[in-house]
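Written below as structure tokens is the structure these notes are about.
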Amino acid sequence: MIHHFPHEAALLPRTKLSYVNLPGILSDGKRDRAARVSGFVCIQLGERCYLIFLRNGEPFHSARLQAEEGRGAAALSEVLRIAATECERGEAGQIAYFGAPEAQLQAMLATLVQEPVEWAASVDTTRPELLFPHLRQRHFTGVLEMTSAGRHHYLVFEDGTFRSGYFTERDGAVPVPDFVRSVFGAAGGAPRVIPYPALGTLPVQAGPGLVDLYRRMVGGILRELSAALGRDAAMAMVRAAQTEVGGRLPAARAFHLTDEGRVVGDPVASPEGLTDAVAGWMTAALIAGSRHDGVDPAAMVERVARDSRFVLQEQGFFERLPWAVSL
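For the sequence shown, numbering that gives the first Met the number 0 assigns the number 0 to the initial residue and increments by one for each residue that follows.
Below, the structure written as structure tokens:
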């Protein structure tokens with residue numbers, strides 16, 4: 000099923016994925032002031048749909064819609080890798096880039112990264128004359144997603160009152176109530192209607208560059224510990240530290256340390272959450288290593304972090320470590 004979403008402008012009409020330089024689209028806002036617009040990139044790969052959200056031309060979050068796995072957040076690095084793989088295979092994927100207001104992006108993300116609100120058992124969602132009075136009586140605050148024939152519509156409510164809406168293929172001359180009635184009265188039957196809680200703010204996801212930097216940091220600490228204690232002991236320490244920290248900092252669990260010593264994985268976390276997780280993971284590993292002669296945690300961090308110190312300082316990474324680091 001091809002998914003269609005509301006938009007204000009088709010900055011890149013739907014076309015073959017193989018025709019488009021996706022990384023170029025996502026970085027265009029850094030080079031061209033005119034490209035600093037908010038919206039989303041829609042990538043359709045058969046039954047799989049991926050959405051990359053941009054604010055002022057900068058990607059800040061991504062999500063997936065899949066028939067089998069459902070919906071949820073997706074790591075931007077993973078989406079880029081999947082798109083590149085599909086291009087190499089020559090698969091018939093499609094891509095489009097649409098402009099949309101930030102309020103719409105917030106409504107869309109509310110339906111993608113959160114669990115839906117449960118309906119009362121007595122609510123008949125196929126009958127709008129019963130559905131919308133129920134929302135008023137319930138003082139519903141959130142986003143009502145209506146989906147019909149792959150077309151997604153978003154109605155935003157506050158305390159049971161309709162505040163705004165974003166509708167796919169709605170003629171601006173058609174009043175909202177009339178359009179909503181037409182969706183319920185379409186030949187294919189009543190739409191799928193699901194309520195979601197409101198999002199207070201737009202969630203921001205750590206970008207591929209920061210994820211890759213933290214992979215290199217963990218890999219560097221592993222190499223330092225291996226040089227001091229031996230590979231097997233270092234691998235055991237780093238894995239034990241990940242298990243210890245992962246219980247309270249879930250982003251650490253999204254990484255995987257292969258038997259060859261490579262750090263892989265695509266965590267979905269805010270920059271702050273990812274920084275907390277990696278700093279905590281490295282701290283636990285280095286504390287374990289410091290119980291052995293020849294391990295100086297601060298010196299190891301200094302050697303591994305030197306080339307990336309300015310980015311790490313900007314993220315507040317060193318402030319999260321228990322050692323004074325001189326760089």
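Each residue gets a CB set at the ideal place from its N, CA and C atoms; glycine is no exception. No experiment lies behind these values; they were computed from the predicted model shown.
The residues ALA283, in chain order, have a CB closer than 8 Å to that of GLU243 in the same chain once the five nearest residues on each side in sequence are set aside. The beta carbons of ARG319 and ALA253 sit no closer together than 8 Å.
An exposed status is given to ASP211, since fewer than 16 other beta-carbon atoms sit within 10 Å of its beta-carbon. In this structure VAL155 is in contact with SER163, their Cβ atoms being roughly 5 Å apart against a cut-off of 8 Å. Of all alpha-carbon atoms in ALA9, GLY288, PHE183, the one lying nearest the alpha-carbon of ALA99 is that of ALA9. Counted as a single uninterrupted DSSP element, the beta strand (DSSP E) harbouring PRO196 occupies residues 191 to 196.
In chain order, ALA34, ARG35, GLY56, GLU57 place their CB closer than 6 Å to the CB of GLY28, counting only its own chain and leaving out the 5 sequence neighbours on each side. Taking GLU101 as the centre and dropping the five residues before and after it, the same chain places the C-beta of SER37, ARG54, LEU201 closer than 8 Å to its C-beta, in chain order. Distances from the alpha-carbon of ASP306 to those of VAL19, ASP265, MET216 put MET216 closest.
Its chain contains ASP158, GLY159 as the residues whose beta carbon lies nearer than 7 Å to that of HIS138, once the 5 sequence neighbours on both sides are disregarded; these appear in chain order. Counting only residues of its own chain and dropping the five nearest sequence neighbours on each side, SER289 has a CB closer than 6 Å to the CB of PRO296. Taking the Cα positions, THR14 is about 25 Å away from GLY206. The beta-carbon separation of ALA106 and VAL142, rounded to 5 Å, stays under the 8 Å limit for a contact. PHE52 carries a strand assignment under DSSP once its states are collapsed to helix, strand and coil.
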